[in-house]
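Numbering (our numbering), first residue to last: 24 to 146.
The beta-carbon is built from N, C-alpha and C at its ideal position, and this holds for glycine as well.
What follows is a single structure, written as structure tokens, with notes after it.
Okay, structure coming up:
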């Protein structure tokens, strides 16, 4: 996937998460830190039901727009679910799990993407 395509996919995921009321959406540009992905997108839901709804909405947006989805991990637990969309890895947490694992701190060298600008473009 080209850098332009991975950026478009990341933006699609951010918007899909926002549409389903995902909370505290963060996108990290990890291109210069790892070869596993270009972007990590993190968000949380208010409860396990909303986490599942976020996963379903993002899964649908990815596949509907013709992007490949390699897999979904953690679907049975609903506390932390990972969607692997090749160059964009999506982490969807309950609020408690997000605080516990604190991926933003783990990847604190990654530049933040301006999520507000992405969502303003949608309006």
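Element boundaries [alpha helix (DSSP H), containing residue i]
i	result
residue 77	71-87
residue 120	118-124
Between the CA atoms of residue j and residue i - distance to the nearest angstrom
i	j	result
residue 48	residue 40	8 Å
residue 78	residue 57	24 Å
residue 140	residue 34	10 Å
residue 104	residue 115	5 Å
residue 133	residue 102	24 Å
Cutoff 6 Å; reference residue i; Cβ partners in own chain excluding five residues on either side
i	result
residue 130	51
residue 110	24, 29, 60, 61
residue 142	41
residue 96	105
Check whether residue i and residue j have beta carbons under 7 Å apart
i	j	result
residue 66	residue 94	no
residue 80	residue 92	no
residue 53	residue 36	no
residue 90	residue 135	no
residue 113	residue 106	yes
residue 43	residue 76	yes
Nonlocal neighbours in the same chain, by C-beta distance under 8 Å from residue i, ignoring five residues either side
i	result
residue 70	117
Terminal residues of the beta strand (DSSP E) in which residue i lies
i	result
residue 47	46-52
residue 100	Unbroken run through residue 100: none, as it is neither H nor E.
residue 136	No beta strand (DSSP E) contains residue 136, which DSSP labels as neither H nor E.
residue 65	62-68
residue 95	94-96
Beta carbon proximity, residue i to chain D, threshold 7 Å
i	result
residue 82	Here there is only one protein chain, and chain D is not present.
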